[in-house]
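Residue numbers for the sequence shown follow this note's numbering, beginning at 119 and rising by one. Here a beta-carbon is modelled for each residue, glycine too, at the ideal position from N, C-alpha and C.
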Amino acid sequence: MQSPARNPRSSTLRLAVLCSGRGSNLQALIDAQRAGRLAISIELVAGDKALAPALRRAEDAGIATLALAPKSYASRAAFDADLFAHIAQSKPDLIVLAGYMRIVSPDVLAPWAGRIINIHPSLLPKYPGLHTHQRVLDAGDAEHGASVHFVTAELDQGPTLAQATITVSADETPETLATRLLEHEHDLLISCVEMIASGRVTATANGIALDGTPLSAPLRLDADGSLQRIAS
Ligand code: GRF
Numbered sequence: 119m120q121s122p123a124r125n126p127r128s129s130t131l132r133l134a135v136l137c138s139g140r141g142s143n144l145q146a147l148i149d150a151q152r153a154g155r156l157a158i159s160i161e162l163v164a165g166d167k168a169l170a171p172a173l174r175r176a177e178d179a180g181i182a183t184l185a186l187a188p189k190s191y192a193s194r195a196a197f198d199a200d201l202f203a204h205i206a207q208s209k210p211d212l213i214v215l216a217g218y219m220r221i222v223s224p225d226v227l228a229p230w231a232g233r234i235i236n237i238h239p240s241l242l243p244k245y246p247g248l249h250t251h252q253r254v255l256d257a258g259d260a261e262h263g264a265s266v267h268f269v270t271a272e273l274d275q276g277p278t279l280a281q282a283t284i285t286v287s288a289d290e291t292p293e294t295l296a297t298r299l300l301e302h303e304h305d306l307l308i309s310c311v312e313m314i315a316s317g318r319v320t321a322t323a324n325g326i327a328l329d330g331t332p333l334s335a336p337l338r339l340d341a342d343g344s345l346q347r348i349a350s
């Protein structure tokens with residue numbers, strides 16, 4: 119993987135965001151940009167569902183949108199090739215998968231290595247895939263959380279930049295866990311994009327470096343919203 123081919127300290131980070139549904143993480147990015155916290159411009163919000171609320175949120179914010187229907191394509195590879203060709207036209211520095219519910223073909227990912235991140239509702243490498251909140255409860259875990267990781271060909275398994283954690287209570291349901299975790303997801307995603315925009319993060323084939331020093335473990339989101347190294 120390579121780090122973004124730009125000088126992020128001196129310019130606004132151009133984003134393309136992929137969403138399939140509600141779009142609360144997208145909204146968190148929009149709100150943080152508007153509040154002056156994030157030096158980003160969201161150039162495109164794209165997805166696989168024309169009726170996704172995320173696309174309406176983007177339209178409301180004056181952001182260009184694109185919805186492509188997978189059923190209109192002969193194969194997953196053809197759909198992904200067209201989608202990522204459109205994404206490339208928006209010239210993003212960073213692609214953010216924020217609730218994008220499709221597996222992406224390795225072929226289209228390759229050119230974006232180190233420039234595409236995903237937010238996932240578990241403490242990866244635990245619980246890649248779906249139903250993470252239920253799986254945490256089934257396992258009796260005392261702790262749950264969310265991860266922001268760089269995307270590779272393996273589902274939810276690229277190098278993790280940072281995580282936010284919550285404690286699992288005795289009377290928890292998958293719904294309460296999801297609701298409580300979501301606001302931490304928003305803070306985590308904003309902080310990760312902020313850090314990437316600052317130019318401090320480098321993603322390579324060997325992993326992630328922060329300020330030139332390899333990350334031996336994912337950063338942790340503090341209560342005050344800042345990302346901290348933790349001892350490995
Ligand atoms: C979030 O839980 C995210 O971690 C997962 O899908 C959900 C998307 O929520 N990948 P939203 O569409 O951002 O509200």
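Pair within 9 Å by beta-carbon distance, residue i and residue j
i      : j      : result
Leu306 : Leu255 : no
Val135 : Ile221 : no
Ile181 : Leu162 : yes
His304 : Ile284 : no
His262 : Leu299 : yes
Gln281 : Pro229 : no
Asp172 : Gly217 : For clarity, residue 172 is Ala in the given sequence; the question names Asp instead. Result yes, Cβ atoms of Ala172 and Gly217 sit closer than 9 Å.
Proximal residues to residue i (C-beta, below 7 Å), its chain only, five neighbours per side dropped
i      : result
Asp198 : Val222, Ser223 and Val226
Leu242 : Ser265, His267, Asp274 and Thr278
Span separating the alpha-carbon of residue i from that of residue j
i      : j      : result
Leu156 : Ser190 : 36 Å
Asp289 : Ala260 : 12 Å
His352 : Leu273 : In the structure as shown, the chain begins at 119 and stops at 350. Residue 352 is therefore absent and cannot be evaluated.
Ser129 : Ala271 : 29 Å
Pro332 : Ser344 : 19 Å
Thr291 : Gln346 : 29 Å
Gly247 : Met219 : 10 Å
Ser309 : Thr322 : 20 Å
Lys209 : Leu133 : 8 Å
6 Å Cβ shell around residue i - same chain, five flanking residues per side excluded
i      : result
Lys167 : Ser138
Ala179 : Ile148
Tyr245 : Arg253
Asp329 : Arg318
Ile348 : Ala335 and Arg338
Residue i - containing alpha helix (DSSP H), residue span
i      : result
Leu133 : Per DSSP, Leu133 belongs to no alpha helix (DSSP H); it is in the beta strand (DSSP E), Leu131 to Leu136.
Arg175 : Pro171 to Asp178
Ala296 : Pro292 to Ala315
Where residue i falls: helix, strand or coil (DSSP)
i      : result
Thr270 : coil
Pro239 : coil
Val226 : helix
Ile284 : strand
Ile148 : helix
Thr320 : strand
Arg194 : helix
Arg127 : Low per-residue confidence applies at Arg127: pLDDT is 49, beneath 50, and the placement is therefore not dependable enough to give any value.
Segment limits, beta strand (DSSP E) that includes residue i
i      : result
Thr425 : Here the chain has residues from 119 to 350 only, and residue 425 is not among them.
Arg233 : Run containing Arg233: none; DSSP gives neither H nor E here.
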